[in-house]
Amino acid sequence: TVLVLSIVQVDNDASLQNFLRWCDCVNLVLSKKVQVCKGGVVADYGMVAQEDIGEGEVLFTIPRSALLHQGTTHVAALLEQGNYCNIQYTANGAFRSKEERDSLLRGTGIPEAVDKDLVNIKREYRDVVRPFISKHPDMWNTRTHTLELYTQLVAFVMAYSFQEPQEEDDDEDDEEDPPNPPMMVPMADMLNHVSKHNANLEFTPDSLKMVCVRPIKKGEEVFNTYGQMANWQLLHMYGFTQTHSDNDADTADIPVINLYKAATKEPDGDQQLLAEMWELLRDKEAFVFGKDSCFTHTELHSVLKVLCMSREEFLEFKNNDGWEDDEDEDETIFQVFSNDGLLELKSKWRRLIHEAARLTVMGYPNLDEDRVLMEDQASLERLSRRQRNALKVRYGQKSILDKVMELTKS
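First residue of the sequence shown? That's 704 in our numbering, and the numbers climb one at a time after it.
Listed below in structure tokens is the structure:
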């Protein structure tokens, strides 16, 4: 881990050459068709094709003995003895000041996610980490290994680590296994992310392999994927964003409270009945809209049905403990809440979604300035990196919500 950290932090080519020599020592095999380099890539370091690369070609192979994780450290036995090998780190947050998070990212969901992370990290340090290191003063010093240091380490590990997918278990009665712990994967963490990636990490019993998943032309950057992640997730977990137009996975949330508020504005709304409905619905999650459809279409469908019930229908609904799930309807509901389907919704449902989206948009800062900034390259370049990232998140989410409002307007 120290080696990888030095590559990220030290701004010189010698560190890169040291890393490549280390790769040779641990039998990490790098294709001659690619080159790890600094410059000419979207971040400080990256990988560029030196020749045309075809789909299915292996770009590099990492033996499992070269992976860095709690099982390969010199304290592995100590961790296992203390039953600490299944500690699950919380997500990395955008660790700005609270004031900066609230001013730049209000409405995006990031401030709430970071606050939750910090609470979880503090609890994990207090209940697990500090008691463990206190038992081993010959190895760790609590004055050095503070909560602040632990927070920084969690942020670093979660920003650069990988998790091996869980093996599928055919026995549904077994208890669910805990997620695999994070691991640092040398060389794989050098690749940058885009949603339209051209390489993917494959796991085998003996090694991990980065495989080309679409043809790469000479001179093009090799991109891995961190998963289908919206800009707010990329910024929250990794500290960067993509341009909204380049991120097919970008999303925007409409909080359930805004759908309820929209219902209370209906001229024929029974406020007492709606208050009773809200007691039933308030624990629901936000509705997630992508560029082409609502991803949480089943939940949105259910909540809209409840908010549009008569008192008699709602009483029957409560007495029956809701509806039974009908998997056959899921695909139909998905089509109903696609962009094309929104145009055909019944008028009241369209009004509720439209007003809920409008209320959500009103929760963002800098409402009138963002579009101007995004279209003015000179102004955009004058912003700090953090300001630009926050702008991309806000602009992307508002673009999706604007589309929802356009499709549901009367």
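Using N, Cα and C, we set each Cβ at its ideal position, and we do this for glycine too.
The model shown is predicted, which means the values in this text are computed figures rather than measured ones.
Euclidean distance between Cα positions of residue i and residue j
i	j	result
Phe998	Asp841	51 Å
Lys912	His777	26 Å
Lys1101	Ser864	31 Å
Ile919	Val888	22 Å
Phe722	Phe1037	48 Å
Thr793	Asp820	Confidence in Thr793 is poor, its pLDDT being 49 and thus under 50, which makes the residue's placement too unreliable to answer from.
Ser768	Pro908	11 Å
Met1065	Lys1051	21 Å
His939	Ile813	6 Å
Glu802	Asp956	22 Å
Tyr853	Leu937	21 Å
Asn950	Glu1072	22 Å
Met980	Glu1015	12 Å
Asn1023	Val1039	25 Å
Gln975	Leu1048	26 Å
The ligand FMN heavy atom lying under 8 Å from the CB of residue i
i	result
Asp1079	In terms of ligand content, the structure shown is empty, and the ligand FMN therefore cannot be addressed.
Beta bridge counterpart(s) of residue i as assigned by DSSP
i	result
Met886	Phe865
Thr764	Val732, Lys912
Ala902	Cys915
His896	Asn927
Cys740	Gly749
Leu659	With the chain represented from 704 up to 1113, any question about residue 659 goes unanswered, as that position is not in the structure.
Asp956	Val991
Leu771	Met887
Ile756	Ile919
Cβ neighbour criterion (16 or more within 10 Å) applied to residue i
i	result
Tyr1098	buried
Ser800	exposed
Gly743	exposed
Val705	Residue placement at Val705 cannot be trusted, given a pLDDT of 33 that sits under 50; what the coordinates show is reported in the next sentence. With fewer than 16 other Cβ atoms within 10 Å, it is exposed.
Ala858	buried
Lys1095	buried
Proximity below 9 Å, CB of residue i to CB of residue j
i	j	result
Leu1062	Asn961	yes
Tyr963	Leu1010	yes
Leu733	Leu762	yes
Leu731	Ile765	yes
Asn927	Val745	no
Met886	Leu807	no
Arg1053	Ser1005	no
* Asked: What are the complete alpha helix (DSSP H) segments, minimum 4 residues, inside the segment 982–1051?
  -> 1000–1010, 1014–1022, 1033–1039, 1042–1045
* Unbroken stretches of the alpha helix (DSSP H), 4 residues or longer, contained in the segment 810–844 -> 813–827, 833–837
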